[in-house]
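Below is one structure; the comments refer to it alone.
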Amino acid sequence: MNNTEIVKRGLARRYAREKRFRLYGRCAVFVGFIFLALLLLDIIVKAMPAFSVTEIRVEVDLDREHLGLPAEGPVTAEMLSGANFNGVIREGLRAAFPEATSRKQKKALYSLVSSGAWFTLSNQVADDPDLIGQQKSLWFRADDDVDTYYKLARRTSRIDDLQAEYIDALDNMDLIRTGFNTALFTNSDSREPEQAGIRGAVLGSFWTLLVTLIVSLPVGVAAAIYLEEFAPQNRLTDFIEININNLAAVPSIVFGLLGLAVFINFFGMPRSAPIVGGLVLSLMTLPTIIIASRASIKSVPPSIKEAALGIGASHMQVVFHHSLPLAMPGILTGSIIGMAQALGETAPLLMIGMVAFIVDVPGGIFDSATVLPVQIYLWSDSPERAFTALTAATILVLLGFLTAMNAIAIYLRRKFERRW
Amino acid sequence: MNISVTDNVKESAAAPFDVKTQGNTHILKNFTGTIGKIQVDDPKISTRNVNVYYGEKQAIFDASLDIGRNEVIAMIGPSGCGKSTYLRALNRMNDTIVGCRIEGELTLDGEDIYAKGMDPVLLRARVGMVFQKPNPFPKSIYDNIAYGPRIHGLARNAAEIDEIVETSLKRAGLFEEVKDRLQSPGTGLSGGQQQRLCIARTIAVNPEVILMDEPASALDPIATAVIEELIDELRENYTIAIVTHSMQQAARVSQRTAYFHLGKLIEVGKTSQIFTNPRHELTENYITGKFG
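Taken in order, these protein sequences are the chains called D and X.
The opening position of the first sequence corresponds to residue 118 in this note's numbering, with each subsequent residue numbered one higher.
The opening position of the second sequence corresponds to residue 20 in this note's numbering, with each subsequent residue numbered one higher.
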């Protein structure tokens, strides 16, 4: 038997092996894709109700007397905050259902509208004081149970028969509708699901990430450049390298405990504030940025550095004119991935108090705030059914931000990538 | 900075026991010193008793050699003989290699190259280098050449840089080919053009000496011929030391030739003499192709 025949005999087996391997690869990708699709589908289906809200139309009489305001003279903000908006709304509801007279009936009637409806009305009047004295027909958010009942085609049991009757009646009179839930994006956290939104959490995440970026990017890149290009190679730098790699694997909650002990207890920084959250997340992101940046600097071809050295560039010039620009795509990608990790981090922030129930939108890095993943954690723990949808919606928003950040990372890498 | 060891250096650093080379080691045992005249009158570069170590391993043993003004000296020898290492010792490119140690006396115009007062940046501006693999910066052709003058502050304004770029490209014989696309990337040129771009980049700083480490080994014969012609022209203004694997190339471009073998400088002489009448057995074996 000559060589050709021997090779030929083995050939079929070799090709079969390759074919099998391709099949395994496809299966692996498929399984991964299925899980991702299931996850996304589940979240999207659960989140859909959160994007719409049920509203009920109520005829309100914004008469001074009804509101409990003085009959004459200008209306101050203080007076408005004490005005009886709740009463006006209840009056309007009673006018729509004159047959509701017993205490039980009234209670059922009043609870159709969100308990925060008066606040919405109060804000509207504060924005436009001319409304006082007018009769207006306004849309108010329904209570979350009513909302869920109405949106899910009357399939929940948390509505009693009396309320169901009222809702049917409202439906017949075209006094109930569903619309886009703008409150989800304009409001902050609330105990009432129909009033709750993610604006506070989004801004909290923004301030926290801003601090993280400002602290970890310069520190991380500087450390990477020094360690890779300038530091002597000895036991100390080996030790530092091992520690950096270790830090990247430390459970994030440990950083939270550290932040609590150092930043809050020792330095006395404010609790629940983005400044502390950002610093803690910086500690966590630093190893990622340093490792990615070092790898990226290391992969700059030595021939380019030698070329620069050969025409008399100083060490510093070689690094900043050649190594760094060529390493930039990798550094940016690593940093953005680190930031994306920080955006999704929950555990360390629980330790420093960013888990508190915060209604105000944070205006800066020293205000109390919460962040998107913590908001998800908080809402997933709430008993009201409507919070399930809010949780899923928040996850979708978070995924949206993460996708955007990773897309930016890919875009930057493509844009700055140069061939040599 | 930790530049990883380049191919050339690796060859010398790793134990190079080519079978053919090893067969000649018994001749080396009787090696008593370099044959031929190592001195020249008024040398540009002078080296005496140079020893280079990579960690424990010694790469060059007691090499002494003068390089004359405006001459082209070729360093030849089998792989791993230390010729690249010797070349890189002349402008302290070995400084960046961790564990590399150099002993001996090396002077440029009488100044000690390894003296404390000698700044490696200034030295490399005076002793430029062209590498084996063309390594243009990932920038435009113009910026490749303008980089050196810019970092050294050799030009006061944009017009002067324009002029330097043009003359450097002309000297490197590349201007006509690229004058319409100075802003296109240097990496887009062909291999031979890239190498001439690297030469233009080196002479843009106007060095006194140009070290060339196998500048044509990655090029085709036509591009090689262009480079060789260029080297001959450059001799008017510069002192050139060239490491080459090609004996024909050494014979064509150089006035003097130095033959290295396993880290030892075996023989030095006029190129014509080395190639027609080698005096050492190893040189003869190498020249005649018995090993290499």
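Glycine included, C-beta positions come from ideal geometry on N, C-alpha and C.
Owing to the predicted nature of the structure, the values given are computational and were not obtained by experimental measurement.
{"Query": "I'd like the list of long-range same chain contacts for Ala144/X, defined as Cβ closer than 7 angstroms, with 5 residues on each side in sequence excluded.", "Result": "His171, Val224 and Pro226"}
{"Query": "Quick one: what does DSSP say Ser254/D is sitting in, helix, strand or coil?", "Result": "strand"}
{"Query": "Do you know how far the Cα of Phe156/X is from the Cα of Ile95/X?", "Result": "29 angstroms"}
{"Query": "Answer with yes or no whether the minimum CB distance from Ala430/D to chain X is below 8 angstroms.", "Result": "yes"}
{"Query": "Let me know the beta strand (DSSP E) ranges lying completely inside the stretch 365-408 of chain D, each 3 residues or longer, listed in chain order.", "Result": "none"}
{"Query": "For Asn70/X, which of Lys309/X, Thr295/X, Leu281/X and Tyr305/X has the nearest alpha-carbon?", "Result": "Leu281/X"}
{"Query": "Can at least three beta-carbon pairs, one atom from the stretch 408-418 of chain D and one from the stretch 336-346 of chain D, be found at a separation below 8 angstroms?", "Result": "yes"}
{"Query": "Let's see if you can read the secondary structure: which residues bound the beta strand (DSSP E) around Cys119/X?", "Result": "Cys119 to Leu127"}
{"Query": "If I'm right that Gln214/X touches Ile246/X with Cβ under 8 angstroms, what's the distance once you round it to whole angstroms?", "Result": "6 angstroms"}
{"Query": "Where do the N-terminal and C-terminal ends of the alpha helix (DSSP H) with Tyr257/X fall, by residue?", "Result": "Unbroken run through Tyr257/X: none, as it is neither H nor E."}
{"Query": "Flag this pair as touching only if the stretch 282-294 of chain D and the stretch 184-202 of chain D have three or more C-beta atom pairs under 8 angstroms; answer yes or no.", "Result": "no"}
{"Query": "Does any residue of chain D bring its CB to less than 8 angstroms from the CB of Ile180/X?", "Result": "no"}
{"Query": "Just how far apart, CA to CA, sit Leu84/X and Lys283/X?", "Result": "12 angstroms"}
{"Query": "Put Ile95/X into one of helix, strand or coil per three-state DSSP.", "Result": "strand"}
{"Query": "Could you say which of Arg174/D, Val175/D and Glu189/D lies nearest to Arg181/D if we only look at CA atoms?", "Result": "Glu189/D"}
{"Query": "Give the residues from the stretch 396-420 of chain D that approach chain X closer than 8 angstroms (Cβ to any Cβ), ordered along the chain.", "Result": "Pro418, Pro419 and Ser420"}
{"Query": "Going along chain D, which residues have a C-beta under 9 angstroms from Ile170/X?", "Result": "Ala425, Ile428, Gly429, Ala430, Ser431, Gln434 and His438"}
{"Query": "Where do the N-terminal and C-terminal ends of the alpha helix (DSSP H) with Ser83/X fall, by residue?", "Result": "Careful: Ser83/X lies outside any alpha helix (DSSP H), inside the beta strand (DSSP E) at Lys76 to Gly87."}
{"Query": "Against Leu375/D, what residues of chain X qualify as contacts under a CB-to-CB distance less than 8 angstroms, listed in chain order?", "Result": "Correct list: empty, because the minimum Cβ distance to chain X is about 32 angstroms."}
{"Query": "Using the three-state DSSP reduction, which class does His171/X fall into: helix, strand or coil?", "Result": "helix"}
{"Query": "What three-state label does DSSP hand Arg531/D in the structure shown?", "Result": "helix"}
{"Query": "Leu158/D and Ile315/D - do their beta-carbons sit closer together than 8 angstroms?", "Result": "no"}
{"Query": "For Ile482/D and Thr405/D, what's the separation of their Cα atoms in angstroms?", "Result": "24 angstroms"}
{"Query": "Could you tell me which chain D residues have their CB closer than 9 angstroms to the CB of Val224/X, listed as they occur along the chain?", "Result": "Ile428 and Gly429"}
{"Query": "Note down, in chain order, every chain D residue with its Cβ under 8 angstroms from the Cβ of Lys63/X.", "Result": "Near Lys63/X there are no residues of chain D at all, since even the closest Cβ is about 18 angstroms away, more than 8 angstroms."}
{"Query": "Out of Ser65/X, Phe50/X and Lys56/X, which has the shortest C-alpha to C-alpha gap to Ala260/X?", "Result": "Ser65/X"}
{"Query": "Chain X partners of Leu449/D, CB-CB under 8 angstroms?", "Result": "Going along chain X, no residue has its Cβ under 8 angstroms from Leu449/D, so there is no contact; the nearest lies around 17 angstroms."}
{"Query": "State yes or no: is the C-beta of Leu253/X within less than 8 angstroms of the C-beta of Ala219/X?", "Result": "no"}
{"Query": "I think Ile206/D touches Ala234/D, with their Cβ atoms under 8 angstroms apart; what is that distance to the nearest whole Å?", "Result": "6 angstroms"}
{"Query": "Counting C-beta neighbours from all protein chains within 10 Å, is the total for Cys119/X 16 or more, i.e. buried, or is it exposed?", "Result": "buried"}
{"Query": "Please list the partners that Thr221/X has in chain D, where partner means a Cβ-to-Cβ separation under 8 angstroms.", "Result": "Gly427 and Ile428"}
{"Query": "Can you grab the Cα-Cα spacing for the pair Phe214/D / Gln280/D, in whole Å?", "Result": "12 angstroms"}
{"Query": "Identify the residues that DSSP records as bridge partners of Leu230/X: which are they?", "Result": "Met148/X and Ala260/X"}
{"Query": "Residue range of the alpha helix (DSSP H) that Thr295/X falls in?", "Result": "Thr290 to Thr295"}
{"Query": "Are the Cβ atoms of Pro310/D and Ala503/D separated by less than 8 angstroms?", "Result": "yes"}
{"Query": "By DSSP's criteria, Leu284/X is part of a beta bridge. Which residues make up the other side?", "Result": "Phe279/X"}
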